[in-house]
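Take the sequence shown: its letter number 71 is residue 140 in the working numbering, and every next letter is one higher.
Structure first, commentary second.
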Amino acid sequence: MQTTADSNAMPEIDAMRGPIAAVHTPFDASGRFDPGVIPGYAEHLLSSGIGAVYVCGSTGESLALTTAERRSILETWSDTAAGSMKIIAHVGSNALPEAEELARHADAVGVDAISAMNPTFGRARDVDALVGHHARIAAAGGGRPYLVYEIAAFGGVSFPASEVIESAVSRVPGFAGLKFTSSDPIQLQLAVALAEIHGLRIFFGSDENLLSGLAAGCVSAIGSTYGYAAEPAHAVFRAFAEGDLIAARTAQRRIARLVVPLLRHGVLRTGRALLETVGVPIGPPRSPETRLEPETLAAVLAEIAPLGVPGLTMGSDSMERRP
């Protein structure tokens, strides 16, 4: 079943289809970046059918990291996974010079694409100013495929995605599309329509609404749950491609039910706890966020057990070893 008409998308982007994991940043007990976790993390993702990662985004706690840490994290992912996985580097920052520096670094590392969220401080007053901001970051990235990260929930300014695309097509070097995490279904449809015209890609960013993104024409999705619960996402993609909407809805409802306790207890810390449950020792989140309490994790696992997500069970060895 043909889901979209973006066959003109640039090759680096066209290869990124299906669920893409927005990866967490591993920290040790003292809160420092722990590079030793990433090889096993990448192996886990590959074994789950995940072929691309979005590094140092909101899931990766980018705005709580130093520039040096972000460089080191990206280098570790590249050294570990380049050639076996596609890598999208998030370089967004409230400080434009930092974003430009990170974009230059990502280009030097040789990532497959670069992305940046809108600033959450010193907000652009109009679409023209916002696109000009992204154009500078993209230029620093050497013209590599560039994705604007649309996530209004983070407190940054948000303009209609369709207007951003219409302006960015002619102004942003390497412009390849959006990571769309807005809740506006009208703008999603308009964005996908423009992407089809211009050979762009809209990466859908709302795990709990994945099926609606596919119905709108998306063929790729970036999300945090795909790092520890990829199976139901693959089921949604597969059933939709086969035209089996009943199976697609059933799989989508499993994702929605999985997300409910994440929203209740904190998406970041609960997601990290679930990642540890499936065997990736990701460690605690960065302060001031705190690790999910063991009793809360037990309650979450009991709640989601009926969903049958591989590895997310009460009796897993990883849960027993969790500090």
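Built from N, CA and C at the ideal position, the CB exists for glycine as well.
Beta-carbon contacts of residue i that lie in its chain and below 7 Å, excluding the five residues immediately before and after
i, result
"T319", "none"
"A260", "A230, S231, I234, L247, F249, I271"
"G377", "none"
"D103", "P95, F96, D97, G352"
"N77", "In this prediction, N77 has a pLDDT of 47, which is less than 50 and means its spatial position is unreliable; what the coordinates show is noted afterwards. Closer than 7 Å at Cβ, skipping near neighbours: G268."
"T365", "H334"
"Y256", "The displayed chain sequence assigns Gln, not Tyr, to residue 256. Here the set comprises P229, A230, S231."
"Q258", "A285"
"A317", "L280, V305, A308, F309"
Expected contact under 8 Å - CB spacing of residue i and residue j to nearest Å
i, j, result
"P301", "I271", "That belief does not hold up - the Cβ atoms of P301 and I271 are roughly 21 Å apart, past 8 Å."
"V305", "L327", "With a Cβ gap of about 12 Å, V305 and L327 do not count as contacting."
"A262", "G246", "12 Å between Cβ atoms; not a contact."
"A237", "H202", "A237 to H202, Cβ: 11 Å. No contact."
"A150", "G179", "At roughly 12 Å, the Cβ-Cβ gap does not stay under 8 Å, so A150 and G179 are not in contact."
"A299", "S153", "Not confirmed; about 16 Å, so no contact."
"H113", "V369", "Going by Cβ atoms, the distance from H113 to V369 rounds to 19 Å, so no, they are not a contact pair."
"Y295", "I119", "6 Å"
6 Å Cβ shell around residue i - same chain, five flanking residues per side excluded
i, result
"R322", "none"
"A133", "R355"
"M85", "A121, K155, S289"
"P108", "T149"
"I220", "M186, T250"
"P242", "A207, A208, G212"
"E130", "T94, R355"
"D432", "It is not possible to answer for residue 432, since the shown part of the chain is limited to 70 through 392."
"V347", "Y297, G380"
"G87", "F306"
Close Cβ partners of residue i (< 8 Å) along its chain, the five nearest in sequence each way excluded
i, result
"T359", "R338, P353"
"E232", "V196"
"G100", "P353, R355, S356"
"N163", "L132, P188, T189, F190, G191"
"I206", "V160, G161, L165, A168, E169, A172, I183, A185, Y215"
"L361", "H334, G335, R338, T339, R341, A342, V369"
"G210", "V160, A172, R173, A175, D176, I183, P242, G243"
"I266", "none"
Neighbour-count burial assignment, residue i, 16 or more Cβ in a 10 Å radius
i, result
"S239", "exposed"
"S252", "exposed"
"S147", "buried"
"F190", "exposed"
"R139", "buried"
"E345", "buried"
"G105", "exposed"
"Q71", "At Q71, the pLDDT of 35 sits below 50, so the modelled position is not reliable and the matter cannot be decided from this model."
"P95", "buried"
"V217", "buried"
"R333", "exposed"
"P363", "exposed"
"R341", "buried"
"P80", "exposed"
"A367", "exposed"
"T135", "exposed"
"A158", "buried"
"P330", "buried"
"L283", "buried"
"I89", "buried"
Bridge-paired residues (DSSP) for residue i
i, result
"L216", "S184, G246"
"V122", "A90, I156"
"F309", "DSSP lists no partner for F309."
"R56", "With the chain represented from 70 up to 392, any question about residue 56 goes unanswered, as that position is not in the structure."
"E290", "For the sequence presented, residue 290 should be read as Ala rather than Glu. Beta-bridge pairing links A290 to P88, F273."
"F102", "F96"
"A151", "M154"
Residue i: CB within 6 Å of a non-hydrogen atom of the ligand MN
i, result
"G126", "The ligand MN is not among the ligands present in this structure, which contains no ligands whatsoever."
Count the CB pairs spanning the region 118-127 and the region 306-313 that are closer than 8 Å, and state whether there are at least three.
no
Pairs of beta-carbons, one from the region 286-298 and one from the region 163-179, closer than 8 Å: are there three or more?
They do not touch, by the three-pair rule.
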